[in-house]
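Q: Residues in the sequence shown are numbered from 251 upward in steps of one, following UniProt numbering. Sharing a structure here in structure tokens format.
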Amino acid sequence: KQARLRSFVDRPSASADGHEVELAANIGSVADLAKVLESGADAIGLFRTEFLYMGRSSLPTEEEQFSVYRHVLEKMQGKRVVIRTLDIGGDKELPYLDLPKESNPFLGRRAIRLCLAEEELLRVQLRALLRASAYGRLAIMFPMIAVVQELRDAKRILAEERAKLEQAGIAVSSGIEVGLMIEIPAAALNADALAREADFFSIGTNDLIQYTMAADRMNESVAYLYQPHHPSILRLVEMVIRASERHGRWTGMCGEMAGDPDAIPLLLGLGLHEFSMSASTVLSAREQISRLSRAECAGLARQALELGAQDEVLALVRNYIARSE
Ligand code: PEP
Ligand code: MG
């Protein structure tokens, strides 16, 4: 089995009926890179940059960040690297920032909200990213966007930092893609407006599920509500993909759901373009997709969207998987 999986390292990521997708890996530190290179992933679909800021007593400098981003871009040799700007807040704290305590941190000043409130934080990171962009294929992704205005503000700051660097004669790639995570139901429901102003979406199901079901992803006592296969989640995913297609953009997914074998047939059927997951599951996902018919999965997804409960969706998918094995 292991040897069979290895044989997928340099195969294209495509379904049995020839529909191509991208299978990407998530990383949370430079140490994760070796596994990504081994996995044959087509890209890095989520680089969580929080590690640069955590476990230390002061903010990382522009120079420190630049050298990490540059290293990852160079190692990926022209494959796309989606780097997410700082997603701090919620359950992740930075003691040295001394931010006010909030009674609902997951609904508070987290991620892009904090970065727009403490703009210099974002400016430093964006400068490091822009400088690193000359060394590979960079995509920049903003987390926790709820409304179009946040995306505009982030993009304006990015454009300002780019202009300053260019004026100083520093090389910046002209091909940087700029996208956002869809993690908040309001963003999914308004995806058309967001798609007009972004190059891509990446659905962050870990948060999207928590916010859709109003169930804290860390709270055991409501874990039963954490339902990736719930039709409400599938409908949101579908809306986002359709909206991105209408505007000629692409949609990926970088939450845990993207690597779930029981979700992959549905996601393929819904037309998800990029699946980003732990490097350790990239090959099995590629193998699974190579056996699936995109056309059949589209029918399966349509059926799933008509159902009313996660159990029913799971039964449908598992039955389909069992029949096709
Ligand atoms: C997500 O919310 O699905 C996601 C990928 O981001 P994180 O898990 O870092 O919040
Ligand atoms: Mg998230």
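The beta carbon of each residue, even a glycine, is placed where N, CA and C say it ideally should be.
Is ARG330 buried or exposed, if buried means 16 or more other CB atoms sit within 10 Å of its CB?
A: That one is buried.
Q: Just the residues with CB closer than 6 Å to a heavy atom of ligand 1, in chain order, which are they?
A: Every residue passing the under-6 Å Cβ criterion appears here: LEU296, ARG298, ASP337, GLU433, GLY454, THR455, ASN456, ASP457, CYS504 and GLY505.
Q: Can you tell me which residues form a DSSP beta bridge with GLU524?
A: GLU524 is bridged to GLU272 and GLY502.
Q: Mapping DSSP to helix, strand and coil, what is VAL428?
A: Looking at VAL428 - three-state DSSP - the assignment turns out to be strand.
Q: Under three-state DSSP, which class holds ARG467?
A: Of the three classes helix, strand and coil, the one that applies to ARG467 here is coil, per DSSP.
Q: Can you check DSSP and say which residues form a bridge with PHE297?
A: Looking at the DSSP assignment, PHE297 forms a beta bridge with ILE277 and ILE333.
Q: Could you tell me the boundaries of the beta strand (DSSP E) in which residue 608 lies?
A: A query on residue 608 cannot be resolved here, the shown segment of the chain reaching from 251 to 575 and no further.
Q: Is the stretch 523-542 close to the stretch 488-508, with three or more CB pairs under 8 Å?
A: Yes, the stretch 523-542 is in contact with the stretch 488-508.
Q: Taking contact to mean 3 or more Cβ pairs, one atom from each stretch, closer than 8 Å, check whether the stretch 296-304 and the stretch 355-367 are in contact.
A: No, the stretch 296-304 does not touch the stretch 355-367.
Q: Does ligand 2 have even one heavy atom less than 7 Å from the beta-carbon of PRO393?
A: Because some heavy atom of ligand 2 lies under 7 Å away, the Cβ of PRO393 counts as near it: yes.
Q: If you draw a straight line from the alpha carbon of ALA413 to that of GLN375, how long is it in whole angstroms?
A: Straight-line Cα distance between these residues: approximately 15 Å.
Q: Would you decide whether PRO393 is buried or exposed? Buried here means 16 or more other CB atoms lie within 10 Å of its CB.
A: It is buried - the Cβ of PRO393 has at least 16 other Cβ atoms within 10 Å.
Q: What is the DSSP secondary structure of ALA437, counted as helix, strand or coil?
A: Looking at ALA437 - three-state DSSP - the assignment turns out to be helix.
Q: Using the Cα positions of ALA535 and ALA266, report the straight-line distance between them to the nearest angstrom.
A: Taking the straight line joining both Cα atoms gives about 13 Å.
Q: I'd like to know if the stretch 336-343 and the stretch 376-386 are in contact, where contact means that at least 3 CB-CB pairs between them fall below 8 Å.
A: With a cut-off of 8 Å, the stretch 376-386 and the stretch 336-343 do not count as touching, because too few Cβ pairs lie within range.
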